[in-house]
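Participant:
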Amino acid sequence: MDLLAVLVATKAWDRIHETGGVWAVLLVCVLLLVPFAVAAWLAARCSAWNGTVEGRCAKVRPRPFQRCELGTHSHAAQLVTAPEVVAVVAYGLLVPPALLDLPRHGWINLHFSLLPAWRGAAPVQHAIWHGDDVTGATTFLLEEGLDTGPVLGTVAETIGPRDTSGDLLQRLSASGATLLVATMDALDAGVMAAVRQPHDGVSLAPKITVDDARVDWAQPAVRVDRQVRACTPAPGAWTTFRGERLKLGPVVPVADEAAVAPGALVVRKQEVLVGTSSHPVRLGEVTPTGKK
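Numbering (our numbering), first residue to last: 5 to 296.
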């Protein structure tokens, strides 16, 4: 979700001019710093980043990259002067314990669900696919488990009846950036305490594959509708017609139509309907393989 991280970082940068807070500056810095810290742990060779922040409204001053040889774990710690906090966005990997201990305030992850619901790589997609009415964003402290750390802050977001994952992620990138900056400001002021996640209400959101995105017309129309919207824009819902693969844009359930056999087509001048196990759905945009 590199694009999403860029969106959130952009929103956070805009907040710098509104708040003048050093935490907002640090947010942009650490979003650039995180890949290098993790690479130091995992890779045989790495690039090290050094920067300085002077004063409350200072500018970031990047310095030249350096090449280094990694022989022991102690070299990873030498790459980075221990930061106050490390902020990451939709980070789906486990951070090694030695790196978790570096920042004084810990690693703060912005996750796009209301934890403990939808832990994993695709929380927004699963929320839409399963028919949730509300989702949101959560800031929490990373620990050794995946998305299990104590919660710092949340913001709720209503899921509209025609929302796609792309629509919802666009809104969450804005509200989530505000939440992340507010969380870091509160930590800086010493007025925020982390709260352990409850044991009840845990659900998992594994990555949705291309195979998962294939539409099964034997499902009810409401389920087909949710699946297509959940997979839009990525990985993209699809079906086949006469042996050719077709990518599907959002469909619309048509409850007042007579039943049509699952997968059967009804072609009219202004619309094309496809049967499901309940009532048919009206096709939206259909794109052949290799076309845009």
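Just so it is clear, CB atoms sit at the ideal spot from N, CA and C, and this is done for glycine as well. These figures come from a predicted structure and were not determined experimentally.
1. Going straight from the alpha carbon of M1 to that of T142, what length do you get?
2. Distance check for A238 and V32, CA to CA, integer angstroms please.
3. Starting from E304, follow its DSSP beta bridges and name the residues at the other end.
4. Do S179 and G140 count as a contact pair if the criterion is CB distance below 9 Å?
5. Among residues of its own chain, excluding the 5 on either side of A186, which ones have a beta-carbon nearer than 7 Å to its beta-carbon?
6. Nearest CA to the CA of A102: which residue from E148, F116 and V232?
7. With H, G and I counted as helix, E and B as strand and the rest as coil, what does DSSP make of A86?
8. Just reading off the alpha helix (DSSP H) that H115 is part of, what are its end residues?
9. Run through DSSP, which three-state label would A298 get?
10. Please state if the CB of F116 and the CB of P208 are separated by a distance shorter than 9 Å.
11. So, L184 versus V90, is the Cβ gap smaller than 9 Å?
12. Identify whether W242 lies in helix, strand or coil by the three-state DSSP scheme.
13. Mark A86 as exposed unless 16 or more other C-beta atoms lie within 10 angstroms of its C-beta, in which case mark it buried.
14. With the cut-off set at 9 Å, would you say T291 and G253 are in Cβ contact?
15. DSSP three-state label for P284, please.
16. Could you name the residues of the same chain whose beta carbon sits closer than 7 Å to that of P120, not counting the 5 residues immediately before and after it, in chain order?
17. Name the DSSP bridge partner or partners of P127?
18. For V93, name the three-state secondary structure that DSSP assigns.
19. State buried or exposed for V219, treating a residue as buried only when at least 16 other CB atoms are found within 10 Å of its CB.
20. Kindly say whether C235, judged by its beta-carbon, lies nearer than 9 Å to any beta-carbon of chain D.
Facilitator: So, from the listed chains and residues:
1. Nothing in the structure corresponds to residue 1, since the chain is present only between 5 and 296.
2. Low confidence applies to V32: its pLDDT is 44, below 50, so where it sits in the model is not reliable, and the reading given next is rough at best. V32 and A238 have their alpha carbons spaced roughly 26 Å apart.
3. With the chain running from 5 to 296 in the structure shown, residue 304 is simply not present.
4. Result yes, Cβ atoms of G140 and S179 sit closer than 9 Å.
5. Here the set comprises G157.
6. For A102, the closest of E148, F116 and V232 by C-alpha to C-alpha distance is E148.
7. Coil.
8. Unbroken run through H115 is the beta strand (DSSP E), W111 to H115; no alpha helix (DSSP H).
9. Residue 298 lies beyond the range of the chain shown here (5 to 296); nothing can be said about it.
10. Rather than Pro, the amino acid found at residue 208 in this sequence is Leu. No.
11. The answer is no: Cβ separation not under 9 Å.
12. Collapsing the DSSP output to three states places W242 in a strand.
13. Exposed: under 16 other Cβ atoms inside 10 Å.
14. The answer is yes: Cβ separation under 9 Å.
15. If DSSP states are grouped into helix, strand and coil, P284 belongs with coil.
16. Within the same chain, Cβ atoms closer than 7 Å to the Cβ of P120 are found at Q201, P202, G205 and V206, the five residues on either side in sequence being excluded.
17. DSSP output for P127 lists no bridge partner at all.
18. Strand, per DSSP.
19. Buried.
20. Protein chains in the displayed structure number just one, and chain D is not present.
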